[in-house]
Amino acid sequence: MTYRDQAPATCPRCNVALDPGERGTLKCPECAGAFATDDIVREMLAELAGVLKHPPELVYGPHAKPGLLTCPRCVALMQSAELFTIAVDRCAVHGTWFDHEELGSALERALLVAEPVKEGMGSAKEAALVGGITLAEIAGIAWLIFLL
Ligand SMILES: [Zn+2]
Ligand SMILES: [Zn+2]
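Our numbering applies: residue 51 is where the sequence shown begins, and numbers increase by one.
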């Protein structure tokens, strides 16, 4: 048993202390990067269910680039991974680091590739247009509630 999890978490890019967000998320006040557990990212995807028939599944794909950043929780080198075509950095134990806008972009991508939406509607994109908001705004709503 180690107590490293209790050490103050610092940004893997700026090395400044991260601000704690909702339920274990961390956010950098300098670069606006964010660290989130898989559970939280899954909940963000579930938030998208408001416009989608089924929330997209959280599946990280491999990414060829070697990881360069260290996990803010355990300081181990993170692995590069892909989430909805967006390259992110991941600690298998603690969660995923998203650089500024990577999380929003990944959620936006999730909307674009997802199974289209509720009955009688077309794609998520069309549904968003009907609702007068952009996919980026929908994605933003999904993650802002955890990271504000
Ligand atoms: Zn930072
Ligand atoms: Zn870790």
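From the three backbone atoms N, C-alpha and C, an ideal C-beta is built for every residue, glycine too. These numbers come from a predicted model, not from an experiment.
By the 10 Å Cβ neighbour count, where 16 or more other Cβ atoms means buried, how is residue i classified, buried or exposed?
i: residue 91; result: buried
i: residue 64; result: exposed
i: residue 135; result: exposed
i: residue 158; result: buried
i: residue 145; result: buried
i: residue 72; result: exposed
i: residue 53; result: In this prediction, residue 53 has a pLDDT of 47, which is less than 50 and means its spatial position is unreliable; what the coordinates show is noted afterwards. Flag for residue 53 reads exposed.
Residue i by DSSP, collapsed to three states: which one?
i: residue 151; result: coil
i: residue 91; result: helix
i: residue 74; result: helix
i: residue 159; result: helix
i: residue 187; result: helix
i: residue 97; result: helix
i: residue 80; result: coil
Can we count residue i as close to ligand 1, meaning its CB is less than 6 Å from some heavy atom?
i: residue 151; result: no
i: residue 140; result: no
i: residue 83; result: yes
Can you find a heavy atom of ligand 2 that lies under 6 Å from the Cβ of residue i?
i: residue 143; result: yes
i: residue 121; result: yes
i: residue 126; result: yes
Hey, does residue i have any beta-carbon neighbour from chain D nearer than 7 Å?
i: residue 125; result: Structure shown: chain D not included; a single protein chain is present.
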